[in-house]
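Numbering (my numbering), first residue to last: -15 to 150.
Glycine included, each C-beta is placed from N, C-alpha and C at the ideal position.
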């Protein structure tokens, strides 16, 4: 669900309030709309395919990153997912309790914890991800299919640029 104001109303109000300030309004629109779109997509995916499996966005990201990179260290999952190790610990406990992931100490360095998918976790992701991708198709459907690769590349450019500076 969006806030009480539409995107157009918000943009008009911003211009009315800030119109006299020497600002780069196109840069503001890019950053603002990127943030708003990311939240809208995340909320949509949580309300649809993820809620059907009783998963939060964070839990899904942990499953996804582990599925792609297993075995993976917990610190790498937190870094890839963009959340704290404290948040990760709670999510891992939940996912482990559901039988989808397993943690083990690294044999090379006992201080490190590795995470692996269980067979049940792999089965979940194999069944879940096609439905997730159907929602990705829905989310991207307003964009001309011939322009989606270009749009994805623009988003990559923003991501790489910001990550280099942080």
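Please state whether the Cβ-Cβ distance between residue i and residue j is less than 8 Å.
i	j	result
residue 98	residue 57	yes
residue 104	residue 83	yes
residue 25	residue 123	yes
residue 30	residue 40	yes
residue 76	residue 87	yes
Since residue i contacts residue j with CB under 8 Å, what's their CB separation in whole angstroms?
i	j	result
residue 85	residue 109	About 11 Å separates the two Cβ atoms, so there is no contact after all.
residue 19	residue 42	Contact doesn't hold; Cβ gap of about 18 Å is too wide.
residue 79	residue 46	6 Å
residue 127	residue 116	Rounded, the Cβ-Cβ distance is 18 Å, inconsistent with contact.
Give the range of the alpha helix (DSSP H) segment to which residue i is assigned.
i	result
residue 107	103 to 124
residue 27	9 to 29
residue 159	This structure cannot settle anything about residue 159, because the visible part of the chain is limited to -15 through 150.
residue 145	132 to 149
residue 2	-9 to 2
residue 34	From DSSP, residue 34 is part of no alpha helix (DSSP H); its letter is neither H nor E.
Let me make sure I understand the geometry here. Which of the options has the alpha-carbon closest to that of residue i?
i	options	result
residue 113	21, 76, -5 and 48	48
residue 51	74, 111, 27 and 12	111
residue 147	93, 3, 63 and 72	63
residue 32	-7, 53, 120 and -10	120
| request: Could I get the ranges of all uninterrupted beta strand (DSSP E) runs contained in the segment 72 to 97, with 3 residues as the minimum, in chain order? | output: 85 to 89
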